[in-house]
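If you read the sequence shown in numbering that gives the first Met the number 0, its first letter stands for residue 0, the second for the next number, and so on.
Just so it is clear, CB atoms sit at the ideal spot from N, CA and C, and this is done for glycine as well.
Given the structure is predicted, the values throughout are model-derived calculations rather than measurements.
Okay, so here's the structure we're looking at.
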Amino acid sequence: MSDPKKVKNSIRTQVKKIGEAGKAIENKNQEKGKIKSAKKFHHLYGPVPSRRLGYSLGVDLLPFKTCTLNCLYCQLGPTRKKTIRRKSFFSEKQILEEIKEFLKTGVRVDFITFSGSGEPTLNKSIGRLIRKIKKITDIPVAVLTNSTLLTRADVRKDLLAADVVVPSLDASTQEIFKKVNRPHPSLEIEKIITGLVNFRKQFQGQIWLEILLVRGVNDSSIHLQKLKKAVEKIDPDRIHLNTVVRPPAEKSAKPLLPKEMEKIKEFFGEKAEIVANFHKKEQEKTPADIAEAIISMVQRRPVSLEDLENSLGLTREQLSLSLHRLLEAKKIKIVSHLNRDYFELV
Ligand code: SF4
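This is the structure we're talking about:
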């Protein structure tokens with residue numbers, strides 16, 4: 000299709016379809032009378048169906064992309080604020096109220112999962128929140144963490160009340176850690192591995208260690224051997240092998256092939272499984288399609304991340320990379336109003 004008019008019309012139709020799909024989801028939920036107004040949940044997203052955690056209700060404790068790392072493959076795009084400083088970014092009470100409110104809707108939730116716009120352990124309320132959630136529901140709690148702050152006793156203690164912790168470890172040497180995870184300058188991989196070993200000793204729940212492999216960066220046999228030694232010391236319950244199957248922050252980050260992943264799975268032994276989803280469906284909407292849909296909303300009025308999720312029927316993981324690209328290209332900007340961030344056209 001080389002005619003620019005046709006291309007534009009086709010994109011418009013696609014954008015319209017995405018918008019209609021989002022609307023249809025919202026209407027369906029409203030019809031059921033389950034979710035009265037998804038817009039009131041500022042810190043929750045989903046429930047997102049996931050292979051590992053079933054219907055996972057995401058809890059996001061951070062301002063848009065705040066992390067200790069800036070991974071090559073991050074599906075949220077480049078880190079906006081790289082920090083190791085723990086803070087209470089939002090009102091703990093409000094987050095807990097939202098969770099209570101959501102649980103009243105009766106929507107299926109298999110896991111309450113701390114994840115979202117960066118590294119959740121940067122929020123120093125996480126421990127209290129997990130403990131309070133455990134008092135109000137039997138739904139298991141999972142935390143997805145990049146492991147970097149497990150060097151700290153207070154962070155390890157905060158995660159003790161969770162049922163499942165999914166820490167990541169992509170490197171076993173400082174050199175490869177710098178290449179693949181581009182950490183905050185104060186972070187050292189050896190201390191992080193020791194933090195994981197110490198956490199394993201203290202934590203009674205399940206540890207599913209995730210390793211994400213990037214072609215030509217952390218997949219050499221020498222590195223994998225070192226990584227295996229570190230994993231043996233950590234002794235997780237499961238080893239989840241992943242690769243770059245979603246649009247990454249850096250286009251240079253390339254995935255391994257399914258057959259290469261299979262070999263590595265054999266190498267890591269019986270606890271290992273491949274969690275990378277190589278099916279095309281997840282990649283159907285490209286960041287460019289999503290960017291068009293975002294622009295079409297933002298040009299009408301300032302919108303929050305939640306507005307975009309609800310209207311476009313996309314998760315914040317799916318939205319984030321396109322948002323970053325639009326911010327970098329200065330097509331949109333972030334404005335704060337009454338303690339909330341909105342996207343506006345520049
Ligand atoms: S992949 Fe996770 S740890 Fe890495 S930069 Fe993105 S949010 Fe941070």
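- Relative to the ligand SF4, the beta carbon of Asn-145 is positioned inside 7 Å of a heavy atom.
- Secondary structure within the segment 85-113: the alpha helix (DSSP H) runs of 4 or more consecutive residues, fully enclosed, are 91-103 (chain order).
- In the three-state DSSP reduction, Phe-342 falls in the strand class (E or B).
- Between Leu-320 and Leu-56, the CB-CB gap reaches or exceeds 8 Å.
- Around Ser-146, the same chain offers Pro-166, Ser-167, Leu-168, Ile-191, Gly-194 and Leu-195 as residues with beta carbons nearer than 8 Å, after the five sequence neighbours per side are excluded.
- In terms of CA proximity to Glu-259, Asn-241 leads the group Ser-251, Asn-241, Glu-327 and Lys-250.
- Membership of Ile-221 in the alpha helix (DSSP H) is indicated by the continuous run 220-233.
- Using a cutoff of 7 Å, the CB of Thr-150 does not count as near the ligand SF4, since none of the ligand's heavy atoms is closer than that.
- The closest CA to that of Leu-60, considering only Asn-69, Arg-127 and Arg-245, is found on Arg-127.
- One residue list follows from the rule of a beta carbon closer than 6 Å to any heavy atom of the ligand SF4, given in chain order as Cys-66, Leu-68, Asn-69, Cys-70, Cys-73, Leu-75, Thr-78, Gly-117, Glu-118 and Asn-145.
- Residue pairing by DSSP places Leu-186 in no beta bridge whatsoever.
- Judged by DSSP secondary structure, Asn-241 falls within the beta strand (DSSP E) whose first and last residues are 237-242.
- Here DSSP, grouped into helix, strand and coil, assigns Thr-147 to helix.
- Excluding the 5 residues flanking it on each side, Lys-329 has same chain C-beta neighbours closer than 6 Å at Val-345, in chain order.
- C-alpha of Glu-189 to C-alpha of Gln-173: approximately 8 Å in a straight line.
- When DSSP states are grouped into helix, strand and coil, Lys-64 belongs to the coil group.
- Three or more beta-carbon pairs separated by less than 8 Å are not found between the segment 283-298 and the segment 257-271, which leaves the two stretches without contact.
- Membership of Val-163 in the beta strand (DSSP E) is indicated by the continuous run 163-166.
- Counting of Cβ neighbours within 10 angstroms places Phe-176 among the buried residues, the total reaching 16 or more.
- With respect to the C-alpha of Gln-224, the residue from Cys-66, Ser-303 and Ala-170 having the closest C-alpha is Ala-170.
- Looking only at Thr-136, Lys-123, Pro-119 and Leu-95, the smallest Cα-Cα distance to Asp-109 is reached by Thr-136.
- Shown here for Val-163: same chain residues with a beta carbon closer than 7 Å to its own, the five before and five after excluded, namely Pro-139, Ala-141, Gly-204, Gln-205 and Trp-207 in chain order.
- Taking a C-beta distance under 8 Å as the contact criterion, Glu-91 and Ser-124 qualify as a contact pair.
- Remark: C-beta atoms of Leu-52 and Thr-112 approach each other more closely than 8 Å.
- When only Cα atoms are considered, Ile-331 and Tyr-54 end up about 32 Å apart.
- Of the candidates Glu-187, Leu-143 and Arg-214, Arg-214 places its Cα closest to the Cα of Leu-256.
- Minimum Cα-Cα distance from Ile-98 among the listed residues His-41, Asp-306, Leu-325 and Glu-327 corresponds to His-41.
- Per DSSP, the beta-bridge partners of Asp-59 are Ser-114.
- Around the beta carbon of Lys-64, 16 or more other beta carbons lie within 10 angstroms, which makes this residue buried.
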